[in-house]
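The structure under discussion appears below in the form of structure tokens.
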């Protein structure tokens with residue numbers, strides 16, 4: 001009789017029947033959530049003026065025909081609207097207001113992304129959301145409003161000020177400032193360490209038969225669920241949360257964790273739960289980032305069998321460099337800003353592993369302003385604009401998918417990515433640049 005005991009990790013969705021049932025379940029879940037979104041869409045009245053109670057998520061100035069006006073991004077009942085205001089405005093970001101005007105006609109698919117609201121008049125209300133006290137707590141720790149905005153983006157997912165956003169683009173560190181899987185990994189490791197300080201002595205004395213990894217892991221995921229609710233299901237963090245939770249459950253049940261199937265399944269579940277994620281650039285970029293990490297781990301594990309500190313350090317640097325290059329073509333399809341200074345994102349990413357939990361700790365003990373002098377240093381970065389052509393993006397994505405099977409295709413994709421980076425550097429030399437920061 002053959003030994004049927006567990007011999008190692010097994011594959012997720014191994015049979016056609018499992019694929020079928022998974023597809024049916026996710027399709028049903030997607031249909032239900034699309035139907036709920038459609039019910040909200042049907043409540044929109046395009047025929048006459050209406051009132052809109054909304055929170056102002058974003059506010060920025062824009063100039064057209066030498067006239068300056070403000071663009072406001074609004075959120076009302078889970079839907080996103082954009083509107084314009086011609087009058088001068090103070091900073092109203094995250095304030096609640098009642099708008100009176102007319103919704104411009106938009107299709108159901110367009111409504112999943114955003115619709116335009118033509119404002120006739122508006123008035124602020126006293127309503128506050130649950131993040132207001134956190135914003136006040138973070139801002140009160142800093143004399144520089146931009147530094148406060150930076151920490152709010154890091155801790156509670158607030159939008160970056162345009163000046164900060166441009167600097168982040170120029171340095172290529174958007175992925176560090178937009179809460180995603182990187183932050184989830186650092187946060188979960190930090191929380192796990194803190195919980196283990198209390199749990200381990202108790203386990204050794206009272207219940208040594210318990211598995212500390214799974215017990216503390218459950219506490220960590222309860223904490224992360226609360227953080228996800230605080231972030232209001234921020235798309236990039238939601239994807240990371242689902243994938244991390246699936247990974248934890250997969251580890252518990254003996255399923256292979258570093259699997260492209262797991263990533264695709266996490267994305268499908270996220271989209272089935274929140275169909276609007278299909279229109280989220282942050283969500284798409286975070287998926288690509290994890291995909292390239294998996295490709296690196298799949299194709300380079302044979303070169304990093306030595307577990308010495310030096311080899312692991314080299315592996316971390318190589319991973320950062322290749323993921324940076326692989327993401328360039330995809331990122332430049334949405335954000336064309338380029339500067340060679342973006343190479344600094346590689347060491348900054350490694351420094352961020354220490355900076356993120358440290359800054360959280362400093363704010364918790366009332367020393368949040370300790371690093372303000374460093375973060376508020378003036379910074380000027382010459383940049384140019386280089387967009388990824390559609391044909392190049394298509395070729396790169398094709399190689400990205402096929403690379404899961406063939407090492408030579410993975411090498412070809414890295415050659416293409418490096419070539420695009422060198423092309424951008426060449427354009428940077430010959431093209432006039434614009435200055436970001438000051």
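In UniProt numbering, the protein residues as written are 1 to 438. Even for Gly, the Cβ is constructed at its ideal location relative to N, Cα and C.
According to DSSP, residues forming a beta bridge with residue i
i, result
"residue 60", "71"
"residue 97", "54, 124"
"residue 81", "74, 115"
"residue 382", "435"
"residue 102", "118"
Contacts around residue i, its chain only, beta-carbon distance under 6 Å, and the 5 residues preceding and following it disregarded
i, result
"residue 58", "73, 159"
"residue 122", "97, 99"
"residue 322", "296"
"residue 156", "131, 134"
"residue 5", "Its pLDDT being 36, under 50, residue 5 is placed unreliably by the model, and nothing is read from it."
"residue 195", "216, 219"
"residue 423", "none"
"residue 439", "The first residue shown for the chain is 1 and the last is 438, placing residue 439 beyond what the model contains."
"residue 352", "176"
Own chain partners of residue i with C-beta closer than 7 Å, once the 5 adjacent residues on each side are dropped
i, result
"residue 19", "13"
"residue 519", "Any property of residue 519 remains undetermined from this structure, which presents the chain solely from 1 to 438."
"residue 399", "409, 412, 413, 416"
"residue 427", "384, 386"
"residue 337", "169, 170, 383, 385"
"residue 200", "212"
"residue 125", "96, 97, 98"
"residue 112", "37, 275, 276, 279"
"residue 433", "382, 383, 384"
"residue 421", "325, 328"
"residue 311", "304"
"residue 357", "186, 190"
"residue 205", "none"
"residue 85", "69, 70, 72, 119"
Three-state secondary structure assigned by DSSP to residue i
i, result
"residue 209", "coil"
"residue 130", "coil"
"residue 400", "helix"
"residue 173", "coil"
"residue 23", "helix"
"residue 408", "helix"
"residue 178", "coil"
"residue 389", "coil"
"residue 91", "coil"
"residue 46", "coil"
"residue 427", "helix"
"residue 377", "coil"
"residue 365", "coil"
"residue 372", "helix"
"residue 144", "coil"
"residue 14", "coil"
"residue 414", "helix"
"residue 157", "coil"
"residue 107", "coil"
"residue 65", "coil"
"residue 167", "helix"
"residue 162", "helix"
Cβ neighbours of residue i in the same chain (closer than 8 Å, five flanking residues each side left out)
i, result
"residue 7", "The predicted model places residue 7 with a pLDDT of 43, which falls under 50 and marks its position as unreliable, so this point remains unresolved."
"residue 33", "272, 273, 274, 275"
"residue 203", "210, 212, 215"
"residue 82", "71, 72, 73, 74, 114, 115, 116, 117"
"residue 16", "none"
"residue 104", "46, 115, 116, 117, 118"
"residue 362", "368, 370, 371"
"residue 335", "169, 174"
"residue 89", "59, 70"
"residue 139", "145, 148, 152"
"residue 142", "148, 151, 368, 369, 372"
"residue 293", "319, 323"
Touching by the beta-carbon criterion (3+ pairs, under 8 Å), the stretch 328-338 and the stretch 285-294: yes
Three-pair Cβ contact test at 8 Å for the stretch 42-58 versus the stretch 99-112: yes
Stretch pair the stretch 186-194 + the stretch 211-225: three plus CB contacts closer than 8 Å: yes
Would the stretch 406-426 count as touching the stretch 145-159 if we require 3 or more Cβ pairs under 8 Å? no
Could you give the uninterrupted runs of the alpha helix (DSSP H) lying entirely in the stretch 270-354, keeping only those of 4 residues or more? 281-300, 309-331
Check whether the stretch 342-351 and the stretch 298-305 are in contact - that is, three or more C-beta pairs closer than 8 Å. no
Pick out the complete alpha helix (DSSP H) segments inside the stretch 181-262, 4 residues or longer, and give them in chain order. 181-206, 212-230, 235-253
For the stretch 276-286 against the stretch 169-188, do three or more pairs of beta-carbon atoms, one drawn from each stretch, fall closer than 8 Å, so that the two count as touching? yes
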